[in-house]
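At position 60 of the sequence shown (counting the first as 1) the number is 59 in numbering that gives the first Met the number 0, and the numbers step up by one without a gap. Even for Gly, the Cβ is constructed at its ideal location relative to N, Cα and C.
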Amino acid sequence: MIAGTRESNLAMAQTIEFNRRFEAAYPDLECEIRGITSTGDIDLKTHLKDMGGAGVFVRELDDALLRGDIDVTVNSLKDIPTFIDPRLTVAAVLPRADVRDAVIPVPLEDVADDADLGTSSVRREKMLGECRPGIRLKPIRGNMNTRLGKLAAGEYDAIIMAKAGLDRLGISENVHPISKEKFIPAAGQGAIAIECRSDDTKTIELLRKLNDAKTHTEVKAERDILRIMNAGCSSPIGINAEVIGDVMRIRAGSCVSADPMKIDTAFPVSEMESRIKQVADQLMGKKE
């Protein structure tokens with residue numbers, strides 16, 4: 000098994016986690032990790048929203064997968080486009096980590112009104128504009144370590160990133176999570192996705208053993224809502240689904256229109272297919 004991944008410290012940490020689980024499940028099989036440089040890692044100046052749409056962090060990985068150079072890719076699920084090439088499939092997701100966003104080095108409420116806060120997420124920009132309109136938002140690019148270095152160098156007063164990534168890198172000092180009720184995470188945030196070729200039945204069967212059912216159900220709901228809205232993972236939309244027993248709770252917020260929309264609803268998991276359509280319609284402002 001050859002697993003392709005981006006070359007950042009976080010991507011490698013996530014792939015090592017996959018490797019550990021894979022080799023524990025299949026002691027007789029070995030998994031080689033192969034680093035691949037993505038477009039999103041090369042261009043560190045252009046704002047993500049101006050880089051040609053979704054997939055800037057996975058295009059080269061997908062190409063390598065389709066060529067047969069690698070067997071699987073390991074990515075943060077939120078980096079995988081909502082609409083993927085039909086020749087590829089997300090065959091497994093690992094158990095989800097913390098879904099929240101986090102501010103460094105102080106809590107969001109303690110960031111000064113005239114501070115420079117770094118983010119390149121349209122969703123975060125819109126939500127910050129709602130809850131902290133006085134803060135100056137300043138684009139920031141690069142992997143997590145690069146961003147932390149820019150913060151330490153004084154280029155920013157604070158930065159906001161996914162807590163799951165910080166946790167996976169063992170970074171906890173001055174990390175201040177934001178409540179997901181107040182700041183709704185991106186669809187798929189905190190989940191690691193394993194992608195392979197749709198016709199690779201052998202690999203799909205191997206990955207089935209690694210798939211976390213609860214996480215899979217949650218992220219499927221989140222991504223299905225985006226698909227119904229014809230929106231991508233980089234859209235100014237937050238969606239968090241949480242399965243508790245046989246109930247699914249969905250928190251969602253959309254800043255697509257001039258009037259922000261927020262939803263907090265719960266329903267039986269068995270009704271998921273019909274209810275997520277209602278959530279998507281509400282987020283799009285459609286009347287019932």
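Return the CA-CA distance between residue i and residue j, expressed in angstroms with no decimal places.
| i | j | result |
| --- | --- | --- |
| T216 | E272 | 11 Å |
| R140 | R131 | 21 Å |
| D245 | S269 | 8 Å |
| V238 | I159 | What sits at residue 238 in the sequence shown is Ile, not Val. One C-alpha to the other measures close to 18 Å. |
| Q188 | A161 | 8 Å |
| K261 | E31 | 43 Å |
| V121 | S233 | 7 Å |
| R5 | G67 | 17 Å |
| D223 | K125 | 22 Å |
| E177 | L107 | Checking the sequence shown, residue 177 turns out to be Ile, not Glu. Cα-Cα distance, rounded: 7 Å. |
| I249 | L225 | 13 Å |
| A63 | A220 | 28 Å |
| A265 | V218 | 15 Å |
| I69 | I275 | 35 Å |
| G117 | K137 | 5 Å |
| M11 | V89 | 19 Å |
| L282 | D263 | 11 Å |
| G133 | L65 | 46 Å |
| T214 | I79 | 16 Å |
| L87 | A151 | 40 Å |
| G34 | I191 | 16 Å |
| D280 | S119 | 27 Å |
Is residue i helix, strand or coil by DSSP?
| i | result |
| --- | --- |
| C130 | helix |
| G3 | strand |
| I103 | strand |
| F266 | strand |
| A90 | strand |
| I203 | helix |
| T81 | coil |
| R95 | coil |
| N8 | helix |
| N74 | strand |
| I35 | coil |
| D198 | coil |
| L116 | strand |
| A111 | coil |
| G51 | Its pLDDT being 48, under 50, G51 is placed unreliably by the model, and the measurement read from it follows with that caveat. Reduced to three states, the DSSP call for G51 is coil. |
| L209 | coil |
| E29 | coil |
| V121 | helix |
Report the residue from the options whose alpha carbon sits nearest the alpha carbon of residue i.
| i | options | result |
| --- | --- | --- |
| R123 | I236, S7, R250 and R5 | I236 |
| D156 | D109, K125, E180 and D166 | D109 |
| C254 | R248, A90 and G128 | G128 |
| L205 | D263, V218, F17 and E6 | F17 |
| T14 | L93, A152, G153 and T200 | L93 |
| F182 | V105, R207, T81 and A101 | A101 |
| R99 | A12, R20, G169 and H175 | H175 |
| P267 | T118, E241, L282 and A10 | E241 |
| E29 | R19, I35 and N144 | R19 |
| G164 | V278, T214, Q281 and L76 | L76 |
| A185 | V71, V73 and D97 | D97 |
| E22 | G284, M228, G252 and L209 | L209 |
| R146 | D258, I103 and L60 | I103 |
| I227 | V278, P259, S197 and R207 | V278 |
| D198 | T81, A114, D61 and P85 | P85 |
| D113 | E172, R135, S119 and V57 | R135 |
| D211 | R95, D258, D115 and S171 | R95 |
| R207 | N144, N8, V71 and E172 | V71 |
| I83 | A111, C195 and P259 | C195 |
Answer yes or no: the CB of residue i versus the heavy atoms of the ligand NAP, is any distance below 7 Å?
| i | result |
| --- | --- |
| F182 | As for the ligand NAP, it is missing from this structure, which has no ligand bound. |
Could you tell me which residues DSSP pairs with residue i in its beta bridges?
| i | result |
| --- | --- |
| I69 | Answer by DSSP bridge pairing: none, since I69 is not bridged. |
| I193 | V73 and A91 |
Ignoring anything shorter than 3 residues or poking outside the stretch 215–262, list the beta strand (DSSP E) runs there in chain order. Correct list: 236–243 and 246–253.
Where in the stretch 128–189 do unbroken runs of the beta strand (DSSP E), each at least 3 residues long, occur, reported from the N-terminal end onward? Scanning the stretch 128–189 from its first residue to its last, the whole beta strand (DSSP E) runs of 3-plus residues come out as 135–137 and 157–161.
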